[in-house]
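See structure below.
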Amino acid sequence: MKVLITGGAGFIGSAVVPAIMNDGYDVFVLDNLSFGNREFISVKDDHFFLADIRDELMVKKIIRKLQPELIIHLAAIHFIPYCNQHPYEAADINIRGTMNILNVAREIRTLKRLFFASTAAVYPIEDKALKETHRLHPMDIYGLTKLTGEHLCHEFYLETGVDTIICRFFNAFGPNETNPHLIPEIESQLRKGLRTIKLGNLTPKRDFIHTYDMASAVRKLITMEKMGYDIYNLGRGIEYSVVEIVEAFERQIKEKVNIEVDPGKIRKVEREHLLADVSKLKNIGWEPEWGIDDGVKNLIENW
Ligand SMILES: NC(=O)c1ccc[n+]([C@@H]2O[C@H](COP(=O)([O-])OP(=O)(O)OC[C@H]3O[C@@H](n4cnc5c(N)ncnc54)[C@H](O)[C@@H]3O)[C@@H](O)[C@H]2O)c1
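Numbers 37 to 339, taken from the working numbering, label the letters of the sequence shown in order.
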C-alpha cells in the first residue's frame, strides 16, 4: 500500500515512518525540513519530496502523481510559544496547508484513508482525564488551528466518504525531539554536565507518551476495519509533573539534580493538568509499552 506521510521527517514522524515501513507499506514522505531532519528517516531519495504544504501547486502535483492509498498528515508547526509569537504563520501552515492536502486528496480515487494529527490543545483547562467527547475549547492559536483542521477533515469525510481518523496527540517524548520542550530541555542541560538546571513552571502535569507507542497506535488505527470518521486520544493515561520528570532522570543518572526556576522560561498562561482518557484506543487493542523510566533510560543510552 502506498502511503504519503507529510511531516514524516519530524520528531514523531521519525518513529512512525520506520514502523510503517517495517509493516511493508511503500512509504513516501513530504516535508520542507523546517523542523525535521532528512537523516531521521531512511526513505530513499525517490520517496522523499522536499516541499512545503503551503505550496498548493506543488502539493497537487506530488499527490496527483503519487496516487496514495493512505495519507498520514503530520506536517504542522506546534511549539506553542512559537505559534503564539507567529500566529499568521501557524494558521497559514496548519490551516491553509491542511486545506491544500485535503483539496487534492478529494480527487484521489485510490485514497482509502486519511489520518490527521490533532492535539490535546483542542481541549479546555480541565483537572480530570479528558475523553474524546469532552467539550472543546482551545486556549491558544495552535489549538485553534488544529481544531479547524479537525473540522476541515470532517467536511472532507462528509464529501468523500473516505475513512478519516483524527488522533489527538498528548505530550510526545522520545528520540529526535525537534522543539525545545521540557524533556529535551532537561536532557540538554544535563548533557552539558549541569546538575543544577534552570526550568520554567514546575507544577504543571502532562501525559507523556513515547513516540514508539505513538507509532504503534498509528499502525493500529490505519489497519482497522472500515471506520468512517472517528476521533481518538493518544496519550498514556498517566500524568507527571516537571519535578517527577527530573526525578526520572535522577534515577537513571544516579545523581541528585537541583532545579532553579528561571523567570524567563515561565509561561504566563499554563494548564496545571493535561491528561488523556485513552480507554477508547485501549478498547481496540492498543497498549503503551514505554514507561517514563524506560523512555528516559533509552534517551540517556543514546547520548
Ligand atoms: N510533539 C508533540 O508533543 C505533539 C503533541 C500534539 C500534537 N502534535 C502534532 O504531531 C505532528 C508532528 O509533530 P512533531 O512533534 O513530530 O513535530 P515536528 O516539528 O518534529 O514535525 C513536524 C514536521 O513537519 C514539517 N513541516 C513543518 N511545516 C511544514 C510545511 N509548511 N510544509 C511541509 N512540512 C512542514 C517539519 O519540518 C517537521 O518535519 C504535528 O502535527 C503536531 O502538531 C505533536
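Every residue gets a Cβ at the ideal spot worked out from N, C-alpha and C, and that includes glycine.
All values derive from a computational prediction rather than experimental measurement.
Alpha-carbon to alpha-carbon, residue j and residue i
{"i": "K96", "j": "K234", "result": "46 Å"}
{"i": "I336", "j": "Q288", "result": "8 Å"}
{"i": "K241", "j": "L66", "result": "33 Å"}
{"i": "S224", "j": "E143", "result": "45 Å"}
{"i": "K262", "j": "T146", "result": "15 Å"}
{"i": "H187", "j": "I177", "result": "15 Å"}
{"i": "F209", "j": "P174", "result": "22 Å"}
{"i": "N294", "j": "D329", "result": "19 Å"}
{"i": "G229", "j": "V278", "result": "19 Å"}
{"i": "M94", "j": "C189", "result": "21 Å"}
{"i": "R171", "j": "I161", "result": "10 Å"}
{"i": "A126", "j": "R90", "result": "11 Å"}
{"i": "I274", "j": "G185", "result": "27 Å"}
Beta carbon proximity, residue i to chain C, threshold 7 Å
{"i": "L218", "result": "No chain C is present in this structure, which holds just one protein chain."}
Nearest neighbour of residue i, chosen from the options [CA to CA]
{"i": "V305", "options": "L93, K148, I116 and A51", "result": "I116"}
{"i": "H83", "options": "G72, E92, I98 and D313", "result": "I98"}
{"i": "Y193", "options": "I267, Y248, A127 and I245", "result": "I267"}
{"i": "E168", "options": "G210, L317 and L257", "result": "L317"}
{"i": "H122", "options": "T181, I89, K101 and A157", "result": "T181"}
{"i": "F47", "options": "H246, Q103 and F85", "result": "H246"}
{"i": "D243", "options": "D62, G327, L102 and G60", "result": "G327"}
{"i": "V63", "options": "F285, Q103, R90 and I89", "result": "Q103"}
{"i": "A45", "options": "T239, F285, N68 and I56", "result": "N68"}
{"i": "E195", "options": "L238, A141, D163 and N207", "result": "A141"}
Residue i vs residue j beta-carbon contact at 7 Å
{"i": "R132", "j": "G236", "result": "no"}
{"i": "L138", "j": "V39", "result": "no"}
{"i": "K251", "j": "A51", "result": "The question names Lys, yet the displayed sequence has Ala at residue 251. Yes; because the gap between Cβ atoms is below 7 Å, this pair is in contact."}
{"i": "N344", "j": "E92", "result": "It is not possible to answer for residue 344, since the shown part of the chain is limited to 37 through 339."}
{"i": "F205", "j": "T134", "result": "no"}
{"i": "T232", "j": "E296", "result": "yes"}
{"i": "R272", "j": "P324", "result": "yes"}
Residue i, buried or exposed, once every other Cβ within 10 Å from all chains shown has been counted against 16
{"i": "G264", "result": "exposed"}
{"i": "S78", "result": "exposed"}
{"i": "W339", "result": "exposed"}
{"i": "T42", "result": "buried"}
{"i": "T259", "result": "exposed"}
{"i": "H109", "result": "buried"}
{"i": "R227", "result": "exposed"}
{"i": "L166", "result": "buried"}
{"i": "Y61", "result": "buried"}
{"i": "V332", "result": "buried"}
{"i": "L311", "result": "buried"}
{"i": "G300", "result": "exposed"}
{"i": "R100", "result": "exposed"}
{"i": "N269", "result": "buried"}
Residue i CB to nearest heavy atom of ligand 2 below 6 Å
{"i": "T196", "result": "Ligands displayed in this structure: ligand 1; ligand 2 is not among them."}
Between the stretch 146-160 and the stretch 201-213, do at least 3 Cβ pairs fall closer than 8 Å? yes
I want to know whether the stretch 62-76 touches the stretch 209-217 - three or more CB-CB distances under 8 Å. yes
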